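Numbering (the UniProt record's numbering), first residue to last: 1 to 119.
From the three backbone atoms N, C-alpha and C, an ideal C-beta is built for every residue, glycine too.
Computed from a predicted model, the values in this text were never measured in an experiment.
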């Protein structure tokens, strides 16, 4: 599958043969990039799109000299499954969680936020 990961405004997008396949959304906060939501279009589910999307997004983020804050459960899981990755990752704090929550419109808060706040 020929897939391109490109940065757009506050998200990285996955495109497969010129078709939108998914996105991982973020908020830049100083030298940190806070990833808070990842989704894949249903027709691309189960094909590894999210894995490749997040891998590409993290590589581009670290290449830009930014630290990663994985609020998104998928991004957090990806980092856990790939301990060999060589980039700076910050723990999610209650302050970060609230920053993301407060910046999102209500409909995106419901769709994009993890259910449990960090302790």
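Exposure label - residue i; buried when at least 16 CB within 10 Å
i           : result
residue 116 : Confidence in residue 116 is poor, its pLDDT being 49 and thus under 50, which makes the residue's placement too unreliable to answer from.
residue 98  : exposed
residue 78  : buried
residue 106 : exposed
residue 91  : exposed
residue 57  : buried
Where residue i sits in the DSSP three-state scheme
i           : result
residue 37  : strand
residue 54  : helix
residue 8   : strand
residue 121 : Within the shown structure, residues of the chain are numbered from 1 to 119, placing residue 121 beyond reach of any answer.
residue 25  : strand
residue 42  : helix
Should the segment 22-39 be regarded as contacting the segment 64-82, the criterion being three or more beta carbon pairs within less than 8 Å? yes
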